[in-house]
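Colleague:
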Amino acid sequence: MIIDTPETFVSFEVLSIESLSNKSIKQVGRAEIHLPSNVTSSLENNSPVCLVRSMMERLAIYDTNTNTNLSTMISLTILDRNGNEIPFETTKQNPIRLIIPRDPNVVIPPMIYHNVSTFNSYHNQTFHYHFVNNLSYLLIYKFDQIPRLNRSMNEIDGWKLFCSSLRNSPLFLDNQQTIGHRTFVFGLRELTSSESNESCSNETLPIPIDPVHFTSDYQTRIYTSGCYYLNKQNQWKSDGLVVGSKTNHYETECFSTHLTKFASGFVILPEIIDWNYVFNNDFGTLMINESIPPR
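When we follow UniProt numbering, the leftmost residue of the sequence shown carries the number 1, and every step to the right adds one.
#1: What's the C-alpha gap between residue 174 and residue 141?
#2: Do you know how far the Cα of residue 194 is from the Cα of residue 227?
#3: What residues are listed by DSSP as bridge partners for residue 137?
#4: With distance defined between alpha-carbon atoms, name the residue in 245, 221, 242, 260 nearest to residue 234.
#5: The alpha helix (DSSP H) spanning residue 300 covers which residue range?
#6: Taking 8 Å as the CB-CB limit, is residue 178 close to chain C?
#7: Is residue 67 buried or exposed, if buried means 16 or more other CB atoms sit within 10 Å of its CB?
#8: Alpha carbons only, please: which of 136, 70, 201, 138 is nearest the one belonging to residue 105?
#9: Assign residue 71 to one of three DSSP states: helix, strand, or coil.
#10: Run through the DSSP bridge pairs and tell me what residue 15 is partnered with.
#11: Can you tell me the Cα-Cα spacing of residue 269 and residue 112, whole angstroms?
#12: Please state if the CB of residue 1 and the CB of residue 9 are separated by a distance shorter than 8 Å.
If you want it as structure tokens, here you go:
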């Protein structure tokens, strides 16, 4: 049975406990809840038949601390023959996978254009890059400090190549990597043709030797997304949830060890450009201020 209104979508389905193993329950608007393989063993002491109630509310309960105003709210409840909820918990090794769509009316702002070539200077959360010309770039980053990379120092927390010859995926950092940090600083360097040929073919970290100029402008978009569950006090919490790498502008992938109501947060971050650092180093550096708690 399905109930579909402008505010809420609810479906009821009678299933055997055995059929819940690795089952994907799809809702409207790309929403999905995928149960792990161990669900059968977790529920084997209950009735062999259950009622599965799947629900999606078009807009989640808003909370200024979680930025859930652009999210739908999804839930899945397993009920016994008497209509009582059967509690289900799993492990981090076999989590429940959730796809939480955003409000379909969400407007994604254009990418930020960085005019760097006119300065003739020496010189992502998910990071999307669009380069105006057919060039390759090296991105380095460090939490809470400026990243530094040259022949004498390697003070970075990570790096990624954006190669013109390859189909590049965005740089993705999940909430387990960002937790406990207040700022995220990344540097971007345009690679020379020789650096690009060597590093992109071998996917190795190029160590800058000679200063280079930016010869072309580029565009960026940086955003954070969080996973939240509604606790018994009707408050959004994020402990125990992990944001998945398939998160994009229009939906968030979450992993959980229990069933309840879920929503996602979404914020496109501003970027602060440190032009003094740009003019005196090989990398153009931008700082992301994590005044919003890392997701």
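Where is the CB? At the ideal position from N, CA and C, for every residue including glycine.
Treat the numbers as computed from the prediction; the structure is a model and nothing was measured.
Modeller: With the given structure in hand:
#1: For residue 174 and residue 141, the distance between alpha carbons rounds to 14 Å.
#2: Cα to Cα, the separation comes out at about 42 Å.
#3: Looking at the DSSP assignment, residue 137 forms a beta bridge with 162, 190.
#4: Of the candidates 245, 221, 242, 260, the one whose C-alpha sits nearest the C-alpha of residue 234 is 260.
#5: Outside the modelled stretch of the chain, which goes from 1 to 295, sits residue 300, for which no answer is possible.
#6: Protein chain content of the structure displayed is limited to a single chain, and chain C is not contained in it.
#7: With 16 or more other Cβ atoms from the protein chains shown falling within 10 Å of its own Cβ, residue 67 counts as buried.
#8: Nearest option by C-alpha distance: 70.
#9: The answer is strand: DSSP assigns residue 71 an E or B state.
#10: In DSSP, residue 15 forms a bridge with 50.
#11: Residue 269 and residue 112 have their C-alpha atoms spaced approximately 11 Å apart.
#12: For residue 9 and residue 1, no; Cβs fall outside 8 Å.
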